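Report on the structure given below.
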Amino acid sequence: MLEPLAHVGRDPATGGYVRDAWSPADLELREWFTGEAARRGLGLREDRNGNLWGWWGEPSPRRPGVVTGSHLDSVRQGGAYDGPLGVVSAFAALDLLKARGVTPAVPVGVACFTDEEGARFGVPCMGSRLLTGLLEPERALGLKDDDGDTLADVMAGAGREHRTIGRDDETLAMIGTFVELHVEQGRGLVTEGRPVGVARAIWPHGRWRFDFRGRADHAGTTRLADRDDPMVPFARMVLAARELAARHGVVATVGKVRVSPGNANAIPGLVSAWLDARGAGEAAVRALVADLTAEAPADVREESWTPVVDFDVALRDRLARVAGGDTPAPILATGAGHDAGILATAGVPSAMVFVRNPTGVSHSPDEHAERADCEAGVVALANVLEDLCR
Numbered sequence: 017m018l019e020p021l022a023h024v025g026r027d028p029a030t031g032g033y034v035r036d037a038w039s040p041a042d043l044e045l046r047e048w049f050t051g052e053a054a055r056r057g058l059g060l061r062e063d064r065n066g067n068l069w070g071w072w073g074e075p076s077p078r079r080p081g082v083v084t085g086s087h088l089d090s091v092r093q094g095g096a097y098d099g100p101l102g103v104v105s106a107f108a109a110l111d112l113l114k115a116r117g118v119t120p121a122v123p124v125g126v127a128c129f130t131d132e133e134g135a136r137f138g139v140p141c142m143g144s145r146l147l148t149g150l151l152e153p154e155r156a157l158g159l160k161d162d163d164g165d166t167l168a169d170v171m172a173g174a175g176r177e178h179r180t181i182g183r184d185d186e187t188l189a190m191i192g193t194f195v196e197l198h199v200e201q202g203r204g205l206v207t208e209g210r211p212v213g214v215a216r217a218i219w220p221h222g223r224w225r226f227d228f229r230g231r232a233d234h235a236g237t238t239r240l241a242d243r244d245d246p247m248v249p250f251a252r253m254v255l256a257a258r259e260l261a262a263r264h265g266v267v268a269t270v271g272k273v274r275v276s277p278g279n280a281n282a283i284p285g286l287v288s289a290w291l292d293a294r295g296a297g298e299a300a301v302r303a304l305v306a307d308l309t310a311e312a313p314a315d316v317r318e319e320s321w322t323p324v325v326d327f328d329v330a331l332r333d334r335l336a337r338v339a340g341g342d343t344p345a346p347i348l349a350t351g352a353g354h355d356a357g358i359l360a361t362a363g364v365p366s367a368m369v370f371v372r373n374p375t376g377v378s379h380s381p382d383e384h385a386e387r388a389d390c391e392a393g394v395v396a397l398a399n400v401l402e403d404l405c406r
């Protein structure tokens, strides 16, 4: 099932994927999901935030289901497994349950969340944040992409009604438990020598926008003494972020920069930079950002924040026993955010299954998982679903 997705949104020059939310590539992937759900006779539903749900059985608030799945969008120049592996494995796990003759006692759902990566509008896990009410509709609709188009614009262009987005209690009431399978974004399972693991927690993390303002001018005729070049304090901020991250025991990255007007022969008038900071403890991450804000001559705005997610201990340990076979699966923390973390924060019992990544590289074309490990992940997920659906 991964093969039909291999060409969608792929950059032939790099091998990476560009699958922004509501882009033609994303819409093609959504059609693929719809087709896979229909082939299995699943009841398909798109909620008012654009998240897709395929149901085996009829869920209701009195009879909520066990849901699995992930997302199909990607970071720009991302890999083939981050997101799609979880959706494909969900369908494959349902196939395996049916082949075993399992009749679940509760409905089973496959989910595809919208805009998990936040590559287009800057807010990660937008579909699940809107679903759970952790993101206000007014703010979401006003977010703009690099072309100046708002979320309202692109949803309307895709034929979706944007005026009804927001917390969806009807959909939330259908989710009894959520289990997300994901390629590991690190080397924990390589160290453990195991193909499959279970998540213990997600580190707190956030994104901040730094706007450095100066004066646009000619690059060749303006004396150094007369320049107000915002690129200089921006460069100092990047170096300071690295130094402060080491001091506070966290990680920090400036991975996106926008320079205006962006001419090679002009001093910029505005440099906008996005900082991503994460760590095992919220206080340390906040301290890094506070120190950096105090040093940088910039306007700083927090664009997203996700607190630490400690997955339900009983559910986590149950997954570790069932997914691990003869020996419980290793339990790992991660610095990567996921829709499962958003649902857990909103009170939905949630857990995660990780599949080994031999390189540990993610958000890159070098992201990889071996076929045998992917198959082990499907078996583990099917075992977990069968156990939870009794």
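When we follow our numbering, the leftmost residue of the sequence shown carries the number 17, and every step to the right adds one.
All residues carry an ideal CB built from backbone N, CA and C; glycine is no exception.
Because the structure is a prediction, the values reported are computed rather than measured.
Taking the alpha-carbon positions, what's the A235 to S105 distance?
-> One C-alpha to the other measures close to 53 Å.
P20, buried or exposed, once every other Cβ within 10 Å from all chains shown has been counted against 16 | It counts as exposed.
Beta strand (DSSP E) containing V199: first to last residue?
-> DSSP places V199 in the uninterrupted beta strand (DSSP E) bounded by I191 to V199.
Could you check what DSSP says for R183 in three-state terms: helix, strand or coil?
-> Three-state result, R183: coil.
Contact between the region 259–275 and the region 295–310: three or more CB pairs below 8 Å?
-> Touching, yes, given that three or more Cβ pairs across the two stretches are closer than 8 Å.
8 Å Cβ cutoff met for G353 and C141 = Going by C-beta atoms, G353 is nearer than 8 Å to C141.
Just mark A257 as buried or exposed, buried being the case when its beta carbon has 16 or more other beta carbons within 10 Å.
-> Residue environment analysis places A257 among the buried positions, since at least 16 neighbouring C-beta atoms fall within 10 angstroms of its C-beta.
3-residue-minimum beta strand (DSSP E) runs that sit fully inside the region 290–362, ordered along the chain = Fully enclosed beta strand (DSSP E) runs of 3 or longer: 315–322 and 347–350.
Between the C-alpha atoms of A388 and L159, what's the straight-line distance to the nearest angstrom?
-> Between A388 and L159, the C-alpha separation is close to 41 Å.
Would you mind sorting P153 into buried or exposed? The rule is 16 or more other CB atoms within 10 Å of its CB.
-> Answer is buried; the Cβ neighbour count reaches 16.
Alpha carbon to alpha carbon, what distance is there between S144 and T130?
-> Rounded to whole angstroms, the separation of the alpha carbons of S144 and T130 is 7 Å.
Alpha-carbon spacing of R239 relative to A312, whole angstroms | In this model, R239 and A312 are separated by some 24 Å (Cα to Cα).
Just curious, the beta strand (DSSP E) that D169 is in, first and last residue?
-> Looking at the DSSP string, D169 is not in any beta strand (DSSP E); the run it does join, the alpha helix (DSSP H), is L167 to G173.
Whose C-beta lies closer than 8 Å to the C-beta of V212 among residues of the same chain, with five residues either side of it excluded?
-> Within the same chain, L205, A339, G340, A345, V369, F370, V371, R372, D389, A392, G393 and A396 come within 8 Å of V212 by CB-CB distance, once the 5 residues on both sides are set aside.
Pick from I283, H198, A37 and D242: whose alpha carbon is nearest that of L348?
-> When I283, H198, A37 and D242 are compared, the shortest CA-CA separation from L348 is found for H198.
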